[in-house]
Amino acid sequence: MLTAVVLRFLRSKLFLTAIFFASLTYFVVNFYNEGSNSIISNEDVDVHELGAGRRPLGHIFQWQNVEDNNDTNAKSLSCRNSVQGKALIADDKGYVCGRHNVMPNGCCKPETDGTKHYSCETCHNNGCCSIYEYCISCCLQPDKKEVLEDVLGKAAGTLNLLLTSVTDHFELCLTKCRTSSQSVQHENSYRNPRAKHCYGEAPPPLETEGTLETS
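Each position in the sequence shown, counted from 1, maps to that position plus 812 in the numbering used here.
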């Protein structure tokens, strides 16, 4: 008897209507929540986007600030650095030093002779440098942010693919300062061997155009 009553209820229009409205409510609530999350994340997105891929940088991208590097007590810090240089190393605080002056935590010793901060040595006014580590150090200057935002906004093709993985100012400078197809004139010759590492948007001018002014 009880089983028959239950079966009749399950088949009734009232039960089916209740199931329908419950499903509809669940769908509407989930759709609203997803829309709200999308709106929130869009409000946080930076106005600068990466080139043809249009991948937003968002608030997770960390730019270099002067305050970040005013602490000279480097022993309390850990640093990422350019790693591969045989003679010079650039760290993520903007210092360049000899490899023998790199501390165990990866930072350059700031008080050592020969260590330079935000150095544009070997770099030219167009943002191209002859030495990779100095390119990184110069690129890390906080006042280079506007130049780099232009680079990010106009990046396309292979460069855009490379830049989609960067998350902060240091990674951007590491990537941008490496020699690229922009620096190459022919298959195995550079447009300017003395200025093949560039953090700016423009490729190095041809060496035949004359000597470049240094920064």
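Note that the Cβ used here is the ideal one computed from N, Cα and C, for glycine as well.
Residues of the same chain with a CB within less than 8 Å of the CB of residue 898, apart from the 5 flanking positions on each side, are 911 in chain order. The three-state secondary structure of residue 891, taken from DSSP, is coil. For the 9 Å CB-CB criterion, residue 941 and residue 1007 form a contact.
Excluding its 5 nearest sequence neighbours in each direction, residue 957 has C-beta neighbours in its own chain below 7 Å: 875, listed in chain order.
The C-beta of residue 904 has 16 or more other C-beta atoms within 10 Å across all chains shown, which makes the residue buried. Closest in alpha carbon position to residue 895, among 945, 922 and 924, is 945. In the DSSP assignment, residue 986 falls within the alpha helix (DSSP H) that extends over 981-989. The straight-line gap separating the alpha-carbon atoms of residue 933 and residue 1009 is approximately 12 Å. Per DSSP, the unbroken alpha helix (DSSP H) holding residue 950 starts and ends at 944-951. For residue 908, no alpha helix (DSSP H) run applies; the uninterrupted beta strand (DSSP E) run containing it begins and ends at 907-910, by DSSP.
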